Every structure is written in structure tokens, then in C-alpha cells.
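Worksheet: the structure to be examined is printed underneath.
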Amino acid sequence: MATFSLHGIPVSRGIAIGRAHLLKAAAREVKHYLVSEEKVEAEVRRLSEAIAAVHAELQAVRSDLPPDAPSELAAFIDVHALILSDPIIAEDPLRIIRSRHYNAEWALLTQIDELSAQFDEIEDAYLRERKNDIRQVGERVLKMLTGSASSLPTSSDPDDFAPQMIIVAHDISPADMLQFRDRSFVGFVTDLGGQNSHTAIVARSLDIPAAVGMGNASALIAEDDWVIIDGDAGIVIVDPAAVVLEQYREAQAKLMRERKKLGKLKKTPAITRDGTFIHLLANIELPEDCPGALELGAVGVGLFRSEFLFMGRTGQSARLPSEDEQFESYRKAVVAMKGRPVTIRTLDVGADKPLDKDEETALNPALGLRAIRYCLSDPPMFLTQLRAILRASAYGPIRLLIPMLAHAFEIDQTLALIEQAKQQLRDSKKKFDEQIEVGAMIEIPAAALTLPLFIKRLDFLSIGTNDLIQYTLAIDRVDHEVAHLYNPLHPAVLQLLSMTITAGARAGIPVAVCGEIAGDTKLTRLLLGMGLREFSMHPAQLLTVKQEVLNSDIATLEPAVRRILKAYEPSVIADGVERLKLL
Ligand code: PEP
Ligand code: MG
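Following the working numbering, the numbering of the sequence shown begins with 1089 at its first residue and continues without gaps.
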């Protein structure tokens, strides 16, 4: 068979080489027939029983989740269970059997097709993706009806499988994905899916190369075909020529070597060549991210974006999380970090992180009522969060981080509310850390230009470069049309960064960077040379940044960075940063 390649969406990095194993979609093999009047109720029962069986199956998968399963999986399985209990699946197809006398499979497929068509009309890409969840749930029920529940090889001995299996499917549900974890499965290719699809998210957290949105790959690829997935490019090469296969094997081996080398750094302390310890911390969104961060050697959490506990809540839990619910999450994070500090940022909603998707958007949301402004406008809600964080501080070291501060009175009001929350806890005899440290995000230029106000009142600073760049350069961080103007090396940004780091060092208070640039290895040396000693980033970046730290010598970086900070010409700055690599 001739070589061919398919192009899709890169969603999970790396290279996978293996033989294709096709997962058949039950929907394609479904029989269509009419049932007679007297058999209608039996057919209705057959469908209801299949739905109930799938429900039980999902509950079983959910309760047997291995402890190291990606945190998203449980949530995805819950979503599937919810869809399954919704009348659109649990009742409407039964009505179709009764009114049209379709057999159960046909009735279910008809309903799913109808729902899919409705979803296609939706403009929001994330919501449109959810159509696939309905399809996946439908597939499960169909497989139950047709008795083809498992399309995987059934042996429980992993050695029985082809050593390097690549799953090729129309779509894969998160629950199915779990089945593959223990098998020799090295990558997957699906016809459906996009950046936000659950399969893509799970692939990223399992760190498995994948290409999704491949159109009709599952029809074009045959069982046992040799397949290469280039996860970085979103390309799949089928039956590659020997020389191509060789090239990819070499590239793969190189990646593996680099990864292995990095893997060895997990426990190595991040100390520069000239002996300075650098704190490499993790940015997390949920307490479930902590074990992964620890495993990769994080010395603490530098940014817990607490808004993720507040967002995307639907149905019963649509209200804000209660004090106890929040307390449990914060406590879980601090316990998981085993004595390492956890920096919890108070609620940062508004602008690119709306609490409620249907909320009316402010005229200029990035400049509107977001983060601390939002919290100060709703003291009862803010006090609830503060009490929850304070209570968790009885279980391990917590630092409180306040986003988007710009004015002295905002700091004062915030500190007063923290004191009020502490008093409420004292009154109700609840334990907390009386000495809890409070810090400010420096993410508005006004803050970086008035640091004495912050240093006088607070215990530490953390520079949020994502917003600092947005507000300094007046570019909306979510507007693609101005994305090209987003430049951390703009001299104005460098000045604000350097001023903040220097002012903190002079005053003897810790300064961290927790924006994306902290995880960008191209900028590690520049930040070290400016005096930065605390970097907080996505855990996936910890090891590459550590490698950069281990190879750096601060004493030689400092004078070179001073020269960069004196420059205004972009080319001079870019050259200077490039040259830091050679030092
Ligand atoms: C930042 O602004 O750099 C930051 C870390 O916060 P967020 O990206 O959550 O706004
Ligand atoms: Mg921010």
C-alpha cells in the first residue's frame, strides 16, 4: 500500500510510531427495522435496560478510577452520566419507538443525529465540541444494545498485544480511554475532536501523542497499517517509506533522550552554577494538580487560580461554592503539598474568565469589574472565600495572593476584610494561621510604578506578566487581532519587571513571576540576571526551566542583563537576550 499522510489538529505533543488498531463505531453497523405494535413496549424496555446498564458501567468505571488517573477523567465521566440521565437520551428515544415503531438502535441514532444537527448551529466552539459527548454516550448505549461492548482486544495480558499499538477511531470517549491506559498503546488518531475535546485534554494529561479532527482517518487507515503520529504538527503518516520511518525513529529517540535526561532532574535542587537556589513553583487550577506538580519537583505552589472552583458550575451546584466546599479544596491542596507553601490567589473573575457564561459582558471587560474589584464589590462572597482559605491554613503553609491591585485603598480594604474574616473565625473558635502572609499580584503598570505602597503593606509580590503585558501595551490578551503585539521583551515591560524585582530585593520581600514567561526557557536567564529567584509556572515546564537554571551563572548574567535593560531598540534587546544563552 502506498504512503499517505493526513492532516488534523495537533493536541498533544511528541512522536508515536506503531501499528494501527481500529475501534469500530457501533453507529455504523446499526440495523434499522420497524417493530410491530405488540412488540413496541418490549423494544422500549430493551432500550431502557441498555441505558441503565451503561449507567451502571459508567459508575463502575468512575469508582474504579486508578489514583493516578488524570483529574479531568472523573469529571468527564460524570458529564457522560449526566447526559445519559437527561430526558434527551433517557426519554425522547423511547417516545420515538412508541410513535414511529423504530427499533431501539434506530430510535436512539435518530435522536442523536437530531441533537447533533442542533449543536452544529451553536457558534461557541467549546459548546459545539460537546456534541461529541452526546455521540459518545450514544455509542456506548448502541454497543450495549448490539452486544459489542468492547472493541478492544480482550486479553488481560499486555504482552499479548502488538508492542506499539496506535488506536484509530471515529471518536474515543474518556471512559474508553481509561481502558487503554494499561495496554501498550502509544498514540491515537480520531476523525472527530478539536483542541477543546475531552479526548484532547485527556491525551495531554496522559502525555500521549495524538492527532484529532482527522476527517475520515478511521475509514482510510486499515488494521495493522504502520502509522506515525507527529503530535507537534498534527500529521499522521500511514505506511511510511523506510527512510521516513527511520527519520522519525531518530527524532523520537532524540526526544526520549531529552525527556529521560530531564526526568532525572526531578529531585535535583534548582541551584545555579554559582550556587544560588532558585524556587521553582507550580501554577495549579485544582487541588488535583498537586501530586503531578510534586512529582515534577515543584517546591511549592506559586499560584493556585482559585477561580476554577467557581467557574463552569451547572445544575444543582450553580451557586457559588460554599465556605466548606472551598475549605475542602484548599485543605486538599495544602495537605497534598506536604509542608511546601501553597499560594492561593483570591477569586480572579471577570474579563477573560467570566463566572457565568450568560453574564452580560461589560463594555471593556479587561478594564472592568474583575479580580479584587469584583471581590471588594461583594464583601460577603469575599469573606466566605477568605474564611475558607484561612481555615485551610491550619493544615499547612498558605500564602494569600490578591490579584489586580492598583490603589492603596484597595490594599487597605482587602487587609481590613482579611482581619474581619480572622475575627469571625476567632469568634467561632476555628483554627487558622494568625501570621498568614498576604501578597499582591503586580499586574497593572500603576502597581509596578508605586511599589512602596505595596511593600509597606504586604509580605510578598508576584508579577502577573500575562496581565502586566496586556495593560502596559494596551492589547487585549484574548483578541487574536492584536496577538502579534504581545511582547514580553518590549522595553516598557522589561523596565516594569526589573523595577519590581529590584524594589522587592531592596526591601527584603520575596518577588515571584507567575505569568507565562516564568515557564519560557528563552527568558529564564534574562529573569535570573534581573534578580528573580522565584518562578511559578505550569508544572509541565518545571524541568526544562530547571535545566536552564542549572546551566546559568548569575554573576555573568547580571552585567549582560544590565546592558539589555539600558537598550530601547528591539533588535538590540533581542540580540542581547539571544546572547545570554552563550554565557
Ligand atoms: C497573569 O496575569 O500573569 C497571571 C498569572 O494571572 P492570570 O493569567 O490568571 O490572569
Ligand atoms: Mg492576571
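All C-beta atoms in this analysis are idealised placements derived from N, C-alpha and C, irrespective of residue type, glycine included.
This one's a predicted model, so the numbers in the text were calculated from it and none came from an experiment.
Mapping DSSP to helix, strand and coil, what is residue i?
{"i": "Arg1393", "result": "strand"}
{"i": "Pro1098", "result": "strand"}
{"i": "Leu1196", "result": "helix"}
{"i": "Phe1548", "result": "strand"}
{"i": "Glu1525", "result": "strand"}
{"i": "Ser1093", "result": "strand"}
{"i": "Ile1652", "result": "helix"}
{"i": "Asn1452", "result": "coil"}
{"i": "Gly1275", "result": "strand"}
{"i": "His1495", "result": "coil"}
{"i": "Asn1304", "result": "coil"}
{"i": "Ala1298", "result": "strand"}
{"i": "Gly1106", "result": "strand"}
{"i": "Gly1664", "result": "helix"}
{"i": "Asn1371", "result": "strand"}
{"i": "Tyr1121", "result": "coil"}
{"i": "Thr1434", "result": "coil"}
{"i": "Ile1563", "result": "coil"}
{"i": "Leu1135", "result": "helix"}
{"i": "Met1425", "result": "coil"}
{"i": "Asp1318", "result": "strand"}
{"i": "Tyr1418", "result": "helix"}
Tell me whether residue i is buried or exposed, calling it buried when 16 or more other Cβ atoms sit within 10 Å of its Cβ.
{"i": "Tyr1121", "result": "exposed"}
{"i": "Glu1657", "result": "exposed"}
{"i": "His1258", "result": "buried"}
{"i": "Glu1636", "result": "buried"}
{"i": "Phe1542", "result": "buried"}
{"i": "Lys1355", "result": "exposed"}
{"i": "Phe1365", "result": "exposed"}
{"i": "Asn1371", "result": "buried"}
{"i": "Ser1243", "result": "Note that Ser1243 scores a pLDDT of 39, beneath 50, so its modelled location is shaky and nothing firm can be said."}
{"i": "Ala1140", "result": "exposed"}
{"i": "Phe1392", "result": "buried"}
{"i": "Ser1465", "result": "exposed"}
{"i": "Val1326", "result": "buried"}
{"i": "Gln1414", "result": "buried"}
{"i": "Gln1206", "result": "exposed"}
{"i": "Ala1386", "result": "buried"}
{"i": "Glu1046", "result": "No answer is possible for residue 1046: the residues shown for the chain start at 1089 and end at 1671."}
Just how far apart, CA to CA, sit residue i and residue j?
{"i": "Pro1328", "j": "Ile1316", "result": "8 Å"}
{"i": "Ile1296", "j": "Lys1127", "result": "47 Å"}
{"i": "Pro1540", "j": "Ala1591", "result": "8 Å"}
{"i": "Val1332", "j": "Asp1318", "result": "12 Å"}
{"i": "Asn1452", "j": "Ile1532", "result": "16 Å"}
{"i": "Gln1147", "j": "Ala1195", "result": "25 Å"}
{"i": "Arg1133", "j": "Asp1180", "result": "14 Å"}
{"i": "Asp1212", "j": "Leu1203", "result": "16 Å"}
{"i": "Val1526", "j": "Thr1553", "result": "19 Å"}
{"i": "Asn1220", "j": "Ser1306", "result": "16 Å"}
{"i": "Pro1246", "j": "Ile1309", "result": "Here the model assigns Pro1246 a pLDDT of 41, short of 50, so the residue's position is not dependable, and the following value carries that caveat. Answer to the nearest angstrom: the Cα atoms are 23 Å apart."}
{"i": "Val1099", "j": "Val1274", "result": "15 Å"}
{"i": "Ala1593", "j": "Val1599", "result": "8 Å"}
{"i": "Gln1629", "j": "Leu1353", "result": "12 Å"}
{"i": "His1495", "j": "Met1253", "result": "58 Å"}
{"i": "Leu1505", "j": "Ala1163", "result": "34 Å"}
{"i": "Ser1159", "j": "Leu1197", "result": "31 Å"}
{"i": "Gln1335", "j": "Ile1105", "result": "11 Å"}
{"i": "Ala1321", "j": "Lys1610", "result": "21 Å"}
{"i": "Ala1330", "j": "Thr1091", "result": "10 Å"}
{"i": "Gly1603", "j": "Met1529", "result": "10 Å"}
{"i": "Ala1056", "j": "Gly1301", "result": "Here the chain comprises residues numbered 1089 to 1671, so residue 1056 is not present and cannot be evaluated."}
{"i": "Arg1651", "j": "Met1587", "result": "15 Å"}
Can you find the residues in the same chain that come closer than 6 Å, C-beta to C-beta, to residue i, ignoring five residues on each side of it along the sequence?
{"i": "Val1123", "result": "Glu1131, His1189, Asn1191"}
{"i": "Ile1210", "result": "Arg1216"}
{"i": "Lys1349", "result": "none"}
{"i": "Cys1378", "result": "Ala1421, Ala1424, Met1425"}
{"i": "Pro1579", "result": "Tyr1656"}
Closer than 8 Å by C-beta to residue i: which residues in its own chain qualify, once you throw out the five before and the five after it? Chain order, please.
{"i": "Ala1648", "result": "Gly1617, Gly1664, Arg1667, Leu1668, Leu1671"}
{"i": "Ile1499", "result": "Ile1490, Leu1493, Ala1528, Leu1541, Phe1542, Arg1545, Leu1546"}
By Cβ distance, which residues of its chain are closer than 7 Å to residue i, with the 5 residues on each side in sequence left out?
{"i": "Gln1523", "result": "none"}
{"i": "Ile1200", "result": "Ile1222, Arg1223, Gly1226"}
{"i": "Val1570", "result": "Ile1563, Asp1564"}
{"i": "Val1229", "result": "Ala1138, Ile1139, Val1142, Leu1196"}
{"i": "Arg1101", "result": "Pro1297, Gly1319, Asp1320"}
{"i": "Leu1408", "result": "Phe1398, Met1469"}
{"i": "Gly1438", "result": "Pro1453, Gly1456, Leu1457, Arg1458, Ala1459, Tyr1462"}
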